[in-house]
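Read in the UniProt record's numbering, the sequence shown has 205 at position 205, and its numbers run on one by one without any break. Each remark here refers to the structure printed beneath this line.
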Amino acid sequence: MAAISSKTGAEIKGYLEGFIQGLVDEYKGREIIKPDNPAEYLSRFSPNGELKPFQAALIPPELIRINQFERGLSTRLGNSLEECARLIALEHHQQARRGYDIRAEVSLAAFAEAERQKENYETVAHRGQAKPSLEQMITAVLNARRSDDLETKSVRTDLYILAKDGTEFFFEIKAPKPNKGQCLEVTQRLLRFHLLCGINRPQVKAYYAMPYNPYGFTKSDYKWSYGLNYMPFEEAVVIGNEFWNIVGGATAYEELLDIYLEIGREKSKYMLDALAFGF
């Protein structure tokens with residue numbers, strides 16, 4: 001049985017067509033003027049710091065525009081993957097929401113403990129010492145709760161899924177090559193999701209979701225040092241097929257990529273014409 005029905009596939013395809021159209025419309029009108037001489041280019045001013053005199057001298061404006069489009073697409077790709085994950089998850093689970101706020105009255109001492117756990121993890125990771133597991137950190141946060149310092153707190157997750165068996169999933173969907181600060185920040189957020197739910201695993205499962213693995217297919221292929229060192233990678237991270245399997249089943253990843261390939265084939269000439277040749 002397919003992970004993505006024809007109905008959902010059509011929804012995803014329509015969404016991606018609009019996604020590409022919006023990006024092309026944004027970038028195709030950008031005027032990129034080839035410098036006539038060094039003095040003319042060096043007299044230009046860019047409020048966003050985008051002057052690149054040596055690249056502008058060598059590269060045709062059309063290629064620069066395509067490069068800017070590619071960088072813009074890469075920046076926003078996560079949004080498209082979040083929406084695709086939501087659409088797929090709706091077929092297989094009770095609920096699926098993007099930008100979901102979890103709000104609850106919690107102990108300030110426990111909320112602060114999540115920060116302390118993050119700082120401790122950074123310290124032991126930097127020193128090469130034994131690191132606590134994610135479950136140990138969650139337990140420490142939950143055990144720090146008091147009843148005399150309650151305050152309403154809210155934390156937003158990129159994607160929330162309520163499975164048919166009642167399991168709640170909270171996903172922070174981020175790029176697969178985070179810096180140190182991003183690793184620690186997401187780890188802290190995962191702890192706070194559990195605190196606001198008041199439950200440890202397995203009833204609640206909070207993850208750093210990487211939609212693809214830049215090193216290969218399996219989790220063991222992953223080599224990014226910050227990701228491996230500055231968060232409990234094995235417990236906290238679902239990557240590539242591991243993530244999409246939770247969202248929609250064993251074949252969801254491959255089926256979704258096939259839709260992206262279809263859109264790429266259909267829109268490739270249009271993108272080149274609009275961005276490079278001004279049609």
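Idealized CB from N, CA, C, for every residue including glycine.
Counted as a single uninterrupted DSSP element, the alpha helix (DSSP H) harbouring Glu91 occupies residues 61-92. Annotation: Ser107 to Glu70 spans about 45 Å, alpha carbon to alpha carbon.
Cβ-Cβ separation between Cys197 and Glu168: approximately 7 Å, consistent with a contact (criterion under 8 Å). Unbroken beta strand (DSSP E) runs of no fewer than 3 residues, entirely contained in the segment 91-176, are found at 95-107, 150-162, 168-173, following chain order.
Within the same chain, and ignoring the five residues on either side of Glu262 in sequence, the residues whose Cβ sits closer than 8 Å to its Cβ are Lys13. The beta carbon of Gly249 is closer than 6 Å to those of Ala3 in its chain, skipping five residues each way along the sequence. In the DSSP assignment, Lys13 falls within the alpha helix (DSSP H) that extends over 6-28.
Straight-line spacing of the CA atoms in Gln94 and Ala144 works out to 32 Å. Checking the DSSP bridge columns, you'll see Val204 partnered with Glu168.
Here the segment 80-90 does not lie against the segment 131-145, with fewer than 3 beta-carbon pairs under 8 Å apart. Beyond the five residues adjoining it in sequence on each side, Tyr41 comes within less than 7 Å, by CB distance, of Pro35, Pro53, Ala56 in the same chain, given in chain order.
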